[in-house]
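The sequence shown begins at 18 in my numbering and counts up by one.
We put the CB at the ideal spot given by N, CA and C, even for glycine.
A short worksheet on the structure shown next.
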Amino acid sequence: MSTPLNQNEGTIIPNPQVLEAENSQVKNEFSTSFHNLEPSMGQELLKEVPKLKEWPHFSGEREYDHMEFIRGVDMIKEDFELPDRLVTARFNTWFTRSAHRWYIKLRQAHGQQSWTWWKTQIIKKWANNAWRLKVETAFESAKFNSDKAKALPWFCQHKDRLTALYPDMSEFMIHRKF
């Protein structure tokens, strides 16, 4: 299938014929993903899929933005049995700021890829050694001061840091780190 984009003096313009064909293909993939359900149940599930603005967005500029984005997309993809194409086709909307610039470059260089491939690229880019050192340092240097912070938000922030650094760490071990 040809690319859904036309290049015109550095401007990217959608090609309506290709987009229509790809939308039809995505709808077919989506409807076959409900093969274990009755058709009426599949239609009901399709109606419940969150709108674009309700999906997680990703800027790549917050401390563990990438982990929240991946978890959010994984959960929605699993809950609604969505095919990769339905998920990855929305990236141009979900990626914002520096993450959007990064996405455009990678998408142009590698073309359409699976959600698994994109997850790997996000982790390579944002969960690198510099990020890990920054989050570890922030955790290690943080001292709770009741005059400056409330206990629950402070605890949750640092728990989120540990969860981002060590996703397989048990709750017990996270609490011991404190």
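- Under the 8 Å Cβ criterion, the segment 102 to 110 does not count as touching the segment 138 to 153, having fewer than three qualifying pairs.
- Minimum Cα-Cα distance from Ala159 among the listed residues His117, Glu80, Lys136 and Phe195 corresponds to Phe195.
- Under the three-state reduction of DSSP, Phe112 is assigned to strand.
- Here DSSP, grouped into helix, strand and coil, assigns Phe75 to strand.
- Collapsing the DSSP output to three states places Lys167 in coil.
- Comparing alpha carbon positions, the residue from Arg79, Arg102 and Asp101 closest to Asp177 is Arg79.
- Of the other Cβ atoms in all chains shown, fewer than 16 fall within 10 Å of the Cβ of Ile140; this residue is therefore exposed.
- Scanning Leu182, Glu85, Lys70 and Trp171 for the CA closest to the CA of Asn145 turns up Leu182.
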